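Numbering (my numbering), first residue to last: 1401 to 1659.
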(Lines of atoms letter the chains of each structure in order from A and count residues from 1; the text may use other names and numbers.)
(Lines give C-alpha, C1' and ligand atoms only; values in the text may rest on other atoms or scores of the structure.)
Protein backbone atom coordinates (compact mmCIF):
# COMPACT_ATOMS: atom_id res chain seq x y z
CA UNK A 1 0.00 0.00 0.00
CA UNK A 2 1.64 3.28 -1.04
CA UNK A 3 1.12 6.51 0.87
CA UNK A 4 -1.11 8.21 -1.72
CA UNK A 5 -3.47 5.23 -1.97
CA UNK A 6 -3.54 4.93 1.81
CA UNK A 7 -4.54 8.59 2.11
CA UNK A 8 -7.37 8.15 -0.37
CA UNK A 9 -8.59 5.14 1.62
CA UNK A 10 -8.27 7.01 4.91
CA UNK A 11 -10.20 10.07 3.76
CA UNK A 12 -12.80 8.00 1.94
CA UNK A 13 -13.39 5.44 4.67
CA UNK A 14 -13.05 7.56 7.82
CA UNK A 15 -12.36 11.28 7.40
CA UNK A 16 -15.06 11.98 4.81
CA UNK A 17 -17.61 11.58 7.63
CA UNK A 18 -15.47 13.39 10.23
CA UNK A 19 -15.41 16.92 8.86
CA UNK A 20 -13.46 16.00 5.70
CA UNK A 21 -10.20 17.26 7.21
CA UNK A 22 -7.44 16.24 9.59
CA UNK A 23 -4.29 17.72 11.15
CA UNK A 24 -1.09 16.68 9.43
CA UNK A 25 0.17 15.14 12.68
CA UNK A 26 -2.89 12.88 12.80
CA UNK A 27 -2.43 11.85 9.17
CA UNK A 28 1.18 10.93 9.86
CA UNK A 29 0.18 8.91 12.96
CA UNK A 30 -2.58 7.05 11.11
CA UNK A 31 -0.34 6.15 8.19
CA UNK A 32 2.38 5.04 10.60
CA UNK A 33 0.00 2.28 11.69
CA UNK A 34 0.14 1.10 8.08
CA UNK A 35 3.97 1.07 8.14
CA UNK A 36 4.21 4.24 6.04
CA UNK A 37 6.99 6.54 7.23
CA UNK A 38 6.37 10.21 8.01
CA UNK A 39 8.40 11.58 5.05
CA UNK A 40 6.41 9.42 2.62
CA UNK A 41 3.14 10.53 4.20
CA UNK A 42 4.05 14.22 3.96
CA UNK A 43 5.22 13.83 0.36
CA UNK A 44 1.95 12.13 -0.57
CA UNK A 45 -0.06 14.92 1.05
CA UNK A 46 1.89 17.54 -0.92
CA UNK A 47 1.34 15.60 -4.14
CA UNK A 48 -2.43 15.37 -3.49
CA UNK A 49 -2.53 19.13 -2.90
CA UNK A 50 -0.85 19.74 -6.28
CA UNK A 51 -3.29 17.36 -7.95
CA UNK A 52 -6.31 19.16 -6.50
CA UNK A 53 -7.49 16.44 -4.11
CA UNK A 54 -6.55 18.19 -0.84
CA UNK A 55 -6.27 21.82 0.25
CA UNK A 56 -4.37 23.25 3.27
CA UNK A 57 -6.53 24.46 6.16
CA UNK A 58 -6.01 25.83 9.65
CA UNK A 59 -7.50 23.60 12.33
CA UNK A 60 -7.66 24.05 16.13
CA UNK A 61 -4.86 21.47 16.39
CA UNK A 62 -2.72 23.32 13.82
CA UNK A 63 -2.02 22.84 10.12
CA UNK A 64 -4.23 20.33 8.36
CA UNK A 65 -5.62 19.25 5.03
CA UNK A 66 -9.21 19.09 3.80
CA UNK A 67 -10.84 17.34 0.88
CA UNK A 68 -11.57 19.53 -2.14
CA UNK A 69 -14.95 19.51 -3.88
CA UNK A 70 -13.43 17.36 -6.61
CA UNK A 71 -12.21 14.83 -4.04
CA UNK A 72 -15.54 14.71 -2.20
CA UNK A 73 -17.34 13.99 -5.47
CA UNK A 74 -14.91 11.19 -6.32
CA UNK A 75 -14.99 9.64 -2.84
CA UNK A 76 -18.78 9.85 -2.58
CA UNK A 77 -19.09 7.96 -5.84
CA UNK A 78 -16.45 5.45 -4.78
CA UNK A 79 -18.21 4.93 -1.45
CA UNK A 80 -21.49 4.18 -3.19
CA UNK A 81 -19.76 1.55 -5.30
CA UNK A 82 -17.64 0.04 -2.51
CA UNK A 83 -20.61 -0.36 -0.17
CA UNK A 84 -23.22 -0.66 -2.98
CA UNK A 85 -25.61 1.94 -1.60
CA UNK A 86 -27.38 2.34 -4.96
CA UNK A 87 -30.26 -0.10 -5.62
CA UNK A 88 -29.52 -2.89 -8.09
CA UNK A 89 -32.15 -1.78 -10.60
CA UNK A 90 -31.65 -1.72 -14.36
CA UNK A 91 -34.19 -0.59 -16.95
CA UNK A 92 -32.65 -2.63 -19.77
CA UNK A 93 -31.15 0.36 -21.58
CA UNK A 94 -27.47 1.12 -22.10
CA UNK A 95 -25.65 4.41 -21.79
CA UNK A 96 -23.82 4.75 -25.10
CA UNK A 97 -20.93 7.13 -25.75
CA UNK A 98 -19.55 7.97 -29.20
CA UNK A 99 -16.31 9.85 -28.56
CA UNK A 100 -14.44 12.07 -30.96
CA UNK A 101 -11.17 10.69 -32.32
CA UNK A 102 -8.22 11.65 -30.09
CA UNK A 103 -4.91 11.67 -31.98
CA UNK A 104 -2.77 12.08 -28.87
CA UNK A 105 -1.95 8.67 -27.36
CA UNK A 106 -1.43 9.92 -23.80
CA UNK A 107 -4.88 11.54 -23.76
CA UNK A 108 -6.42 8.40 -25.25
CA UNK A 109 -4.84 6.26 -22.54
CA UNK A 110 -5.99 8.59 -19.76
CA UNK A 111 -9.52 8.67 -21.15
CA UNK A 112 -9.58 4.88 -21.51
CA UNK A 113 -8.46 4.44 -17.90
CA UNK A 114 -10.97 7.02 -16.69
CA UNK A 115 -13.90 5.46 -18.55
CA UNK A 116 -12.93 2.02 -17.31
CA UNK A 117 -12.96 3.31 -13.73
CA UNK A 118 -16.43 4.75 -14.30
CA UNK A 119 -17.75 1.38 -15.48
CA UNK A 120 -17.66 1.76 -19.27
CA UNK A 121 -16.38 -0.82 -21.76
CA UNK A 122 -15.17 -0.17 -25.30
CA UNK A 123 -17.03 -1.71 -28.25
CA UNK A 124 -14.49 -0.15 -30.62
CA UNK A 125 -12.03 2.76 -30.55
CA UNK A 126 -14.73 5.44 -30.17
CA UNK A 127 -17.83 3.66 -28.82
CA UNK A 128 -18.32 2.84 -25.15
CA UNK A 129 -21.20 1.35 -23.16
CA UNK A 130 -22.32 1.08 -19.56
CA UNK A 131 -25.61 -0.08 -18.02
CA UNK A 132 -25.87 3.30 -16.30
CA UNK A 133 -24.66 6.86 -16.80
CA UNK A 134 -21.87 8.07 -14.53
CA UNK A 135 -22.16 11.38 -12.70
CA UNK A 136 -18.40 11.87 -13.20
CA UNK A 137 -18.43 11.83 -17.00
CA UNK A 138 -18.63 15.60 -17.38
CA UNK A 139 -15.58 16.18 -15.20
CA UNK A 140 -13.59 13.52 -17.07
CA UNK A 141 -14.44 14.93 -20.51
CA UNK A 142 -13.69 18.48 -19.36
CA UNK A 143 -10.31 17.47 -17.94
CA UNK A 144 -9.29 15.83 -21.21
CA UNK A 145 -10.95 18.37 -23.51
CA UNK A 146 -13.04 15.67 -25.18
CA UNK A 147 -16.45 15.83 -26.86
CA UNK A 148 -18.83 12.87 -26.96
CA UNK A 149 -22.31 12.10 -28.19
CA UNK A 150 -24.41 10.40 -25.53
CA UNK A 151 -27.42 8.12 -25.93
CA UNK A 152 -29.64 5.84 -23.90
CA UNK A 153 -30.30 2.87 -26.14
CA UNK A 154 -31.78 -0.62 -26.20
CA UNK A 155 -29.83 -3.59 -27.53
CA UNK A 156 -31.48 -5.80 -30.13
CA UNK A 157 -29.81 -8.98 -28.96
CA UNK A 158 -28.97 -11.09 -25.91
CA UNK A 159 -27.71 -8.77 -23.18
CA UNK A 160 -25.45 -11.31 -21.44
CA UNK A 161 -23.76 -12.06 -24.74
CA UNK A 162 -23.01 -8.36 -25.17
CA UNK A 163 -21.59 -8.21 -21.64
CA UNK A 164 -19.37 -11.24 -22.26
CA UNK A 165 -17.86 -9.55 -25.33
CA UNK A 166 -17.38 -6.15 -23.69
CA UNK A 167 -16.01 -7.23 -20.29
CA UNK A 168 -13.67 -10.04 -19.22
CA UNK A 169 -16.03 -11.63 -16.70
CA UNK A 170 -14.01 -14.86 -16.47
CA UNK A 171 -10.92 -12.93 -15.46
CA UNK A 172 -12.92 -10.83 -13.01
CA UNK A 173 -14.48 -13.95 -11.45
CA UNK A 174 -11.01 -15.45 -10.91
CA UNK A 175 -9.85 -12.20 -9.31
CA UNK A 176 -12.77 -12.33 -6.86
CA UNK A 177 -12.00 -15.94 -5.95
CA UNK A 178 -8.35 -15.02 -5.26
CA UNK A 179 -9.45 -12.02 -3.19
CA UNK A 180 -11.67 -14.20 -1.00
CA UNK A 181 -8.75 -16.54 -0.26
CA UNK A 182 -6.27 -13.73 0.39
CA UNK A 183 -8.71 -11.75 2.54
CA UNK A 184 -9.33 -14.83 4.65
CA UNK A 185 -5.60 -15.12 5.30
CA UNK A 186 -5.33 -11.41 6.14
CA UNK A 187 -8.17 -11.58 8.65
CA UNK A 188 -7.18 -14.84 10.31
CA UNK A 189 -6.80 -14.19 14.02
CA UNK A 190 -7.34 -10.44 13.77
CA UNK A 191 -8.60 -9.30 17.21
CA UNK A 192 -11.47 -6.88 17.70
CA UNK A 193 -10.09 -5.53 20.99
CA UNK A 194 -6.74 -4.16 19.75
CA UNK A 195 -7.76 -0.96 18.03
CA UNK A 196 -4.59 -0.13 16.10
CA UNK A 197 -4.25 -3.64 14.72
CA UNK A 198 -7.92 -3.71 13.75
CA UNK A 199 -7.48 -0.36 11.97
CA UNK A 200 -4.44 -1.64 10.06
CA UNK A 201 -6.07 -4.91 8.99
CA UNK A 202 -9.34 -3.24 8.03
CA UNK A 203 -7.44 -0.59 6.06
CA UNK A 204 -5.67 -3.28 4.06
CA UNK A 205 -8.97 -5.08 3.52
CA UNK A 206 -10.60 -1.91 2.18
CA UNK A 207 -7.53 -1.09 0.09
CA UNK A 208 -7.53 -4.45 -1.68
CA UNK A 209 -11.32 -4.34 -2.14
CA UNK A 210 -11.13 -0.83 -3.59
CA UNK A 211 -8.98 -2.13 -6.44
CA UNK A 212 -12.11 -3.71 -7.90
CA UNK A 213 -13.36 -0.19 -8.66
CA UNK A 214 -10.87 -0.25 -11.53
CA UNK A 215 -11.94 -3.69 -12.78
CA UNK A 216 -15.59 -4.28 -11.92
CA UNK A 217 -18.11 -2.07 -13.78
CA UNK A 218 -20.82 -2.81 -11.22
CA UNK A 219 -23.11 -4.64 -13.61
CA UNK A 220 -26.67 -5.37 -12.48
CA UNK A 221 -27.23 -8.90 -11.16
CA UNK A 222 -29.47 -9.70 -14.15
CA UNK A 223 -26.42 -9.37 -16.43
CA UNK A 224 -24.11 -11.58 -14.38
CA UNK A 225 -23.65 -15.38 -14.33
CA UNK A 226 -25.44 -17.39 -11.67
CA UNK A 227 -23.48 -17.85 -8.41
CA UNK A 228 -21.33 -14.83 -9.27
CA UNK A 229 -18.24 -14.88 -6.99
CA UNK A 230 -18.34 -11.08 -6.79
CA UNK A 231 -21.55 -11.35 -4.77
CA UNK A 232 -19.94 -13.80 -2.33
CA UNK A 233 -16.89 -11.57 -2.05
CA UNK A 234 -19.08 -8.54 -1.38
CA UNK A 235 -20.94 -10.28 1.43
CA UNK A 236 -17.63 -11.35 2.99
CA UNK A 237 -16.25 -7.81 2.72
CA UNK A 238 -19.39 -6.26 4.24
CA UNK A 239 -19.34 -8.63 7.23
CA UNK A 240 -15.65 -8.26 8.01
CA UNK A 241 -15.46 -4.51 7.40
CA UNK A 242 -18.43 -4.04 9.76
CA UNK A 243 -16.90 -6.34 12.38
CA UNK A 244 -13.65 -4.37 12.55
CA UNK A 245 -15.17 -0.90 12.16
CA UNK A 246 -15.82 -0.09 15.88
CA UNK A 247 -12.21 -0.78 16.89
CA UNK A 248 -10.80 0.95 13.81
CA UNK A 249 -12.99 3.99 14.47
CA UNK A 250 -11.78 4.25 18.05
CA UNK A 251 -8.18 4.35 16.83
CA UNK A 252 -8.99 7.02 14.23
CA UNK A 253 -10.74 9.15 16.82
CA UNK A 254 -7.80 8.89 19.23
CA UNK A 255 -5.38 9.96 16.53
CA UNK A 256 -7.57 12.92 15.54
CA UNK A 257 -7.77 13.97 19.18
CA UNK A 258 -4.00 13.75 19.53
CA UNK A 259 -4.15 10.94 22.07
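From the three backbone atoms N, C-alpha and C, an ideal C-beta is built for every residue, glycine too. This structure is a prediction, so every number in the text was calculated from the model and none was measured.
Next item on the list: For residue 1423, count neighbouring Cβ atoms within 10 angstroms of its own Cβ and tell me buried if that reaches 16, exposed if not.
Entry: buried
Note to self: Quick check on residue 1543: does DSSP put it in helix, strand or coil?
What the structure shows: helix
Check: Below 7 Å between beta carbons: does that hold for residue 1471 and residue 1453?
Finding: Contact: yes.
Check: Would you report the Cα separation of residue 1619 and residue 1418, rounded to the nearest angstrom?
Finding: 31 Å
Notebook entry, point to check: Thinking just about the alpha-carbon of each residue, which of 1603, 1539, 1589 and 1506 is nearest to the one in residue 1413?
Noted result: That would be 1603, whose Cα lies nearest to the Cα of residue 1413.
Margin query: On a Cα-Cα basis, can you pick out the residue from 1421, 1430 and 1628 that is closest to residue 1648?
Written below: 1430
Next item on the list: Below 6 Å CB to CB, which residues in the same chain sit around residue 1455 once its five sequence neighbours on both sides are set aside?
Entry: 1466 and 1468
Next item on the list: Could you tell me which of 1415, 1506 and 1633 sits nearest to residue 1578, measuring between CA atoms?
Entry: 1633
Item checked: Best match in 1621, 1562, 1586 and 1549 for proximity to residue 1386 [C-alpha to C-alpha] -> The shown model of the chain, from 1401 to 1659, leaves out residue 1386, and the question about it has no answer.
Item checked: Entirely enclosed alpha helix (DSSP H) segments - the stretch 1546–1576, minimum 4 residues -> Note on the stretch 1546–1576: whole alpha helix (DSSP H) runs with a minimum of 4 residues are 1559–1566, in chain order.
Item checked: residue 1502 - DSSP class collapsed to helix/strand/coil -> coil
Note to self: Considering only their Cβ atoms, is the gap separating residue 1433 from residue 1403 smaller than 7 Å?
What the structure shows: no
Notebook entry, point to check: DSSP three-state call for residue 1427: helix, strand or coil?
Noted result: In the displayed model, residue 1427 falls within a helix according to three-state DSSP.
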